[in-house]
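Input: a single structure, listed below in structure tokens.
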Amino acid sequence: MTATKMPFYSPTVDITSLLRSWCSPGGTDNITMAHVRLDMIAIDNVLRPRLDRVRELESEIAQLHAEVDVISTTLDKYHSFHAPIRHLPPEVLLSIFSHLEPGHMPIENDAPWVLTRVCSSWRDLVTHTPTLWSTISVDSWIGRWNIPVDLESTLALLTCSLRYSNGAPLDMTLTSRRLMPPYDRITLLLKQHSNRWHSLVADSDGFIPNDLPALERFELRVHSKLFDTLQAPRLACIPLSSANSIASLLAGSLRSAALNAPSFTARNLLLSSKTPNSSLLFESIFRVVWSLKGYPVLA
6 MTATKMPFYS
16 PTVDITSLLR
26 SWCSPGGTDN
36 ITMAHVRLDM
46 IAIDNVLRPR
56 LDRVRELESE
66 IAQLHAEVDV
76 ISTTLDKYHS
86 FHAPIRHLPP
96 EVLLSIFSHL
106 EPGHMPIEND
116 APWVLTRVCS
126 SWRDLVTHTP
136 TLWSTISVDS
146 WIGRWNIPVD
156 LESTLALLTC
166 SLRYSNGAPL
176 DMTLTSRRLM
186 PPYDRITLLL
196 KQHSNRWHSL
206 VADSDGFIPN
216 DLPALERFEL
226 RVHSKLFDTL
236 QAPRLACIPL
246 SSANSIASLL
256 AGSLRSAALN
266 APSFTARNLL
276 LSSKTPNSSL
286 LFESIFRVVW
296 SLKGYPVLA
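Residue numbers for the sequence shown follow the working numbering, beginning at 6 and rising by one.
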């Protein structure tokens, strides 16, 4: 398209010389001032159509960009259709998906939820694979939540996750620092599936049910800032005591126990219970574990 040639105007006054002479309009002769006014009108008339043309071109460019975006999106879909990942068999995809770890909160942007939004085939594959939904991590720290929005969203996602897990053993991580009453609804929902709890990591036993028939691994974390700053160079013994009920636990399938304290070198480790013989069993277990880790355990 050939652009229409626009008129051009040659000024009658050397405005640059007038500016350099530092002459004021009041000190300039009337004839020169008349030419200045005529030049201003003529130049404005020449400028306006060019500005209008610039606006037209900018509008056309914006329209072209919009069309390019639409066409590019369509072309990207065709490229995606031929993507190598679409040729992977389901078992390979599931092997890859199994390495994804869920976040500390059930969030739809974390695994495995994010996988369900890629395409219908992935959604069908993921929602029909119970093991992808069997790892549940809930951090109920009040400082990270927006009540009640996050609570309702988490309940909805947890309900779906438990349904998709379809009876599979559950690996649970429950963090309850500064637990508030509204979040009892979450623990109540999880307790309904306690018969499937395969492993449990928790920092409080206040919400743990008594009957856990499938539980094979239990890690109880104790959070204390005391040991971060404690200066006790002569500390040689840390007694770990348990209640009478430990006897029934030890009489079951418990085969090993461990104390995770990487920065602590024990000179004497005392583990005791108010139940006869449980102290000896517990001590022998820790003696084996600590000796394997290279920590000296003295009688």
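In this text, a Cβ means the ideal position worked out from N, Cα and C, and glycines have one as well.
Residue i: first and last residue of the uninterrupted beta strand (DSSP E) it sits in
| i | result |
| --- | --- |
| ALA88 | Neither: ALA88 is in no beta strand (DSSP E) and is coded neither H nor E. |
| ILE141 | 140–144 |
| ASP176 | 175–180 |
| VAL206 | 202–207 |
Inter-residue CB distance, residue i and residue j (contact presumed, cutoff 8 Å)
| i | j | result |
| --- | --- | --- |
| THR140 | VAL131 | The Cβ separation is near 13 Å, so there is no contact. |
| LEU162 | HIS203 | With 8 Å as the limit, LEU162 and HIS203 do not qualify as a contact, their Cβ atoms being about 20 Å apart. |
| PHE102 | LEU137 | 6 Å |
| ASP208 | THR234 | At roughly 20 Å, the Cβ-Cβ gap does not stay under 8 Å, so ASP208 and THR234 are not in contact. |
| LEU43 | THR21 | With a Cβ gap of about 17 Å, LEU43 and THR21 do not count as contacting. |
| PRO135 | SER170 | 5 Å |
| ALA337 | ARG239 | There is simply no residue 337 to check, as the chain begins at 6 and stops at 304 in what is shown. |
| LEU193 | THR164 | In fact, because the Cβ distance is near 12 Å, the residues do not count as touching under 8 Å. |
Helix, strand or coil at residue i according to DSSP, with G and I counted as helix
| i | result |
| --- | --- |
| PHE212 | coil |
| SER22 | helix |
| SER103 | coil |
| HIS40 | helix |
| GLU224 | strand |
| VAL27 | The amino acid at residue 27 is misidentified as Val; the sequence shows Trp. Coil. |
| ALA219 | coil |
| HIS84 | helix |
| TYR14 | coil |
| ASP189 | helix |
| GLY172 | coil |
| ALA47 | helix |
| TRP150 | Low confidence applies to TRP150: its pLDDT is 49, below 50, so where it sits in the model is not reliable, and the reading given next is rough at best. If DSSP states are grouped into helix, strand and coil, TRP150 belongs with coil. |
| ASP34 | coil |
| ARG128 | helix |
| PRO95 | helix |
| LEU162 | helix |
| LEU235 | coil |
| LEU240 | coil |
Spatial neighbours of residue i in its chain, beta-carbon cut-off 8 Å, leaving aside the 5 residues before and after
| i | result |
| --- | --- |
| SER199 | PRO214, ASP216 and LEU217 |
| THR37 | VAL18 and LEU23 |
| ARG25 | none |
C-beta neighbour in chain B for residue i, strict 8 Å
| i | result |
| --- | --- |
| ALA47 | Within the model displayed, chain B is absent; a lone protein chain is all it includes. |
Residue span of the alpha helix (DSSP H) that contains residue i, given as start and end
| i | result |
| --- | --- |
| VAL119 | No alpha helix (DSSP H) holds VAL119; DSSP gives it neither H nor E. |
| THR136 | Careful: THR136 lies outside any alpha helix (DSSP H) and carries neither H nor E. |
Same chain only: Cβ atoms within 7 Å of residue i, ignoring 5 sequence neighbours per side
| i | result |
| --- | --- |
| ALA116 | LEU105, GLU106 and PRO107 |
| ALA47 | TYR14 |
| PRO89 | none |
| GLU221 | HIS203 and SER204 |
| LEU98 | LEU130 |
| LEU69 | none |
Proximal residues to residue i (C-beta, below 6 Å), its chain only, five neighbours per side dropped
| i | result |
| --- | --- |
| THR178 | SER142 and VAL206 |
| ARG226 | ASP208 |
| PRO95 | LEU130 |
Heavy atom of the ligand SAM within 7 Å of residue i beta-carbon
| i | result |
| --- | --- |
| THR21 | Within the structure as shown, the ligand SAM is missing, as the structure has no ligands at all. |
- Whole beta strand (DSSP E) runs in the region 47–77 with 3 or more residues, listed along the chain? none
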